[in-house]
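Colleague: This is the structure I want to talk about, given as structure tokens.
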Amino acid sequence: MSSAAVDPSDPAFELHRGGKLAVASTVPLATREDLSLAYTPGVARVCEAIAADPALADDYTWVSHTVAVVTDGSAVLGLGNIGPRAAMPVMEGKAVLFKQFGGVDAVPICLDTQDVDEIVAVVTALAPSFGGINLEDISAPRCFEIERRLDEALPIPVFHDDQHGTAVVVLAALRNAATLLNRKLGDLRVVVSGAGAAGVAVTKMLAAGGVNPTEVVVCDSRGILHGGRPDLTPSKAELAELTNAAGRVGGITEALRDADVLIGVSGGQIPEDAVAGMAPGGAVFALANPTPEVHPELAARYAAVVATGRSDYPNQINNVLAFPGIFRGALAARATRITEGMKVAAADAIAAVAVEAAWSDGAPQSGSGAGQLRVDAIVPSPLDPRVAPAVAEAVAEAARRDGVARA
Numbered sequence: 001m002s003s004a005a006v007d008p009s010d011p012a013f014e015l016h017r018g019g020k021l022a023v024a025s026t027v028p029l030a031t032r033e034d035l036s037l038a039y040t041p042g043v044a045r046v047c048e049a050i051a052a053d054p055a056l057a058d059d060y061t062w063v064s065h066t067v068a069v070v071t072d073g074s075a076v077l078g079l080g081n082i083g084p085r086a087a088m089p090v091m092e093g094k095a096v097l098f099k100q101f102g103g104v105d106a107v108p109i110c111l112d113t114q115d116v117d118e119i120v121a122v123v124t125a126l127a128p129s130f131g132g133i134n135l136e137d138i139s140a141p142r143c144f145e146i147e148r149r150l151d152e153a154l155p156i157p158v159f160h161d162d163q164h165g166t167a168v169v170v171l172a173a174l175r176n177a178a179t180l181l182n183r184k185l186g187d188l189r190v191v192v193s194g195a196g197a198a199g200v201a202v203t204k205m206l207a208a209g210g211v212n213p214t215e216v217v218v219c220d221s222r223g224i225l226h227g228g229r230p231d232l233t234p235s236k237a238e239l240a241e242l243t244n245a246a247g248r249v250g251g252i253t254e255a256l257r258d259a260d261v262l263i264g265v266s267g268g269q270i271p272e273d274a275v276a277g278m279a280p281g282g283a284v285f286a287l288a289n290p291t292p293e294v295h296p297e298l299a300a301r302y303a304a305v306v307a308t309g310r311s312d313y314p315n316q317i318n319n320v321l322a323f324p325g326i327f328r329g330a331l332a333a334r335a336t337r338i339t340e341g342m343k344v345a346a347a348d349a350i351a352a353v354a355v356e357a358a359w360s361d362g363a364p365q366s367g368s369g370a371g372q373l374r375v376d377a378i379v380p381s382p383l384d385p386r387v388a389p390a391v392a393e394a395v396a397e398a399a400r401r402d403g404v405a406r407a
């Protein structure tokens with residue numbers, strides 16, 4: 001891209017000049033004694049101790065509070081396959097969010113390969129330098145195999161945020177939406193529009209969190225996923241087996257007929273007549289960004305609760321509510337992996353903070369069990385400082401409960 005693409009009047013360019021990250025020392029280097037302890041000869045004694053007991057790296061290096069943010073640049077935001085160099089500003093931003101909201105140090109790593117075997121090999125080789133691996137903006141279906149293989153190979157947490165971060169926050173939001181609607185999660189009929197990385201993870205997360213998967217219908221660009229479709233990838237075939245017990249066929253209009261909840265993670269536009277066919281008084285989460293699958297004002301005509309992925313509308317489903325606290329908790333517990341139980345615990349914690357925030361803001365009581373919630377605040381603000389500590393505590397407890405904690 002030529003320099004003509006740079007707009008000097010755009011403050012985003014000035015903010016990004018020189019990057020958004022730097023390395024800072026945590027120890028003094030003012031005297032010769034400081035130098036001899038931080039580097040040679042003092043550092044050698046620490047190295048020898050770690051060589052004798054590698055677990056000491058958690059105590060005497062940055063590993064216990066540092067993650068790698070790894071991408072291949074193949075699915076960056078809504079920009080698509082823009083490559084590793086163009087992905088760096090996003091990965092730097094992710095690292096800043098880790099530090100600001102979770103107190104977790106993060107290093108952006110943009111790989112100049114989109115080969116699954118090469119990515120797995122490189123990340124495996126880099127893993128001793130980190131306490132966790134956050135996979136970011138890697139396209140489906142490769143992202144599923146990359147995460148699975150790294151999760152199997154490494155003794156540290158591996159987390160593809162585009163899948164699981166979104167899924168955790170969706171579950172938190174749906175918990176509170178169900179409370180507002182005076183419904184139980186297990187009684188809701190849910191439609192997930194999108195069967196990519198986020199759609200797969202959202203569907204599985206909802207099932208783990210209490211939604212009846214047989215009452216979930218998943219759609220991709222060709223229509224409803226069902227066992228009779230010969231064109232399904234392995235990940236979509238797995239979803240078809242898990243969901244749609246009624247054997248519905250057709251497109252999004254047929255899927256949404258009498259549905260209680262729509263969760264859009266596709267980017268494709270959903271026509272108004274399809275949304276109008278939903279059961280009254282339900283919920284629409286239209287999460288494509290910057291253009292939601294259903295415009296929030298249109299969604300509000302047919303649904304009692306509306307959420308988007310945008311910051312300029314209420315109920316923003318933002319991954320920053322999840323990933324800083326999830327990694328903070330996993331690192332504190334020295335977890336070897338991130339379990340479904342840890343993700344459900346994170347969702348529960350996020351939902352609880354929204355309730356706490358509503359009470360502290362003086363929300364009026366109204367309805368059975370919903371007095372502490374507002375229809376425009378089913379999730380906390382991404383800037384709420386209570387979120388990451390609450391999520392971290394819940395995740396660490398779940399890691400110990402699930403038997404994956406080393407501390």
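Residue 249 in UniProt numbering sits at position 249 of the sequence shown, and the numbers go up by one each step.
For each residue, glycine too, the CB sits at the ideal point set by N, CA and C.
Nothing here was measured: the structure is a model prediction, and the numbers come from that model.
Name the DSSP beta bridge partners of H226, please?
Modeller: Mapped onto the sequence shown, residue 226 falls at position 226. According to DSSP, H226 bridges with nothing at all.
Colleague: For L262, write down the residues that DSSP places opposite it in a beta bridge.
Modeller: Looking up residue 262 in the sequence shown gives position 262. In the DSSP output, where bridge partners are listed per residue, L262 has V191, V284.
Colleague: How should K184 be labelled, buried or exposed, when 16 other C-beta atoms within 10 angstroms of its C-beta is the threshold for buried?
Modeller: Here residue 184 refers to the residue found at position 184 of the sequence shown. K184 should be labelled exposed.
Colleague: Thinking C-alpha only, which one of S129, V169, G282, G102 is nearest A332?
Modeller: Position 332 of the sequence shown, counted from the first residue, corresponds to residue 332. Here the closest residue by C-alpha is G102.
Colleague: So, using beta-carbon positions, are K20 and V96 closer together than 7 Å?
Modeller: By 1-based counting over the sequence shown, the position of residue 20 is 20. By 1-based counting over the sequence shown, the position of residue 96 is 96. A contact, by the Cβ cut-off of 7 Å.
Colleague: Quick check: is the beta carbon of A352 nearer than 7 Å to any beta carbon in chain E?
Modeller: Judged by its chain identifiers, the structure shown contains no chain E, having just a single protein chain.
Colleague: Determine the direct distance from the alpha carbon of L56 to that of S368, and round the result to whole angstroms.
Modeller: Walking along the sequence shown from the start, residue 368 turns up at place 368. Walking along the sequence shown from the start, residue 56 turns up at place 56. Summary for S368: the model assigns pLDDT 44, below 50, so the residue's position carries little reliability; its value from the coordinates is reported in the next sentence. Taking the straight line from one Cα to the other gives about 52 Å.
Colleague: The beta strand (DSSP E) that contains V294, what's its start and end?
Modeller: Looking up residue 294 in the sequence shown gives position 294. Here V294 belongs to no beta strand (DSSP E), and DSSP marks it neither H nor E.
Colleague: Below 7 Å between beta carbons: does that hold for T203 and V218?
Modeller: Position 203 of the sequence shown holds residue 203. Position 218 of the sequence shown holds residue 218. Taking 7 Å as the Cβ cut-off, T203 and V218 qualify as a contacting pair.
Colleague: Rounded to a whole number of angstroms, what is the C-alpha to C-alpha distance between Q163 and L171?
Modeller: Here residue 163 refers to the residue found at position 163 when the sequence shown is read from its first residue. Here residue 171 refers to the residue found at position 171 when the sequence shown is read from its first residue. Q163 and L171: Cα-Cα distance of roughly 13 Å.
Colleague: So, do the stretch 378-393 and the stretch 345-364 have three or more beta carbon pairs nearer to each other than 8 Å?
Modeller: Yes, the stretch 378-393 is in contact with the stretch 345-364.
Colleague: What is the residue span of the alpha helix (DSSP H) that N176 lies within?
Modeller: The residue you call residue 176 lines up with position 176 of the sequence shown. N176 -> alpha helix (DSSP H) spans 161-180.
Colleague: Would you mind giving the Cβ-Cβ distance between G131 and V69, rounded to the nearest angstrom? I have them listed as a contact below 8 Å.
Modeller: Locating residue 131 in the sequence shown gives position 131, counting from the first residue. Locating residue 69 in the sequence shown gives position 69, counting from the first residue. Not quite, the Cβ-Cβ distance comes to about 13 Å (not below 8 Å), so this is no contact.
Colleague: How is V379 classed by DSSP in three states: helix, strand or coil?
Modeller: Translated into the one-based positions of the sequence shown, residue 379 becomes position 379. In this structure, V379 counts as coil in the three-state DSSP scheme.
Colleague: Should R229 be listed as close to the ligand PLP, given that the test is whether its C-beta is under 6 Å from any heavy atom?
Modeller: Inclusion of the ligand PLP in the displayed structure is not the case, the ligand content being empty and no account of it being possible.
Colleague: Which ranges would you report for the alpha helix (DSSP H) in the stretch 302-350 if only whole runs of at least 4 residues count?
Modeller: Whole alpha helix (DSSP H) segments, 4+ residues: 323-332.
Colleague: Ordered along the chain, which non-local residues of its own chain (more than five positions away) have a Cβ less than 7 Å from that of L232?
Modeller: Working through the sequence shown from its first residue, we reach residue 232 at position 232. Same-chain partners within the cutoff: L225, A240.
Colleague: Buried or exposed for P108, please, with buried defined as at least 16 other CB atoms from any protein chain shown within 10 angstroms of its CB.
Modeller: Against the sequence shown, residue 108 aligns to sequence position 108. Its Cβ being crowded by 16 or more others within 10 Å, P108 is buried.
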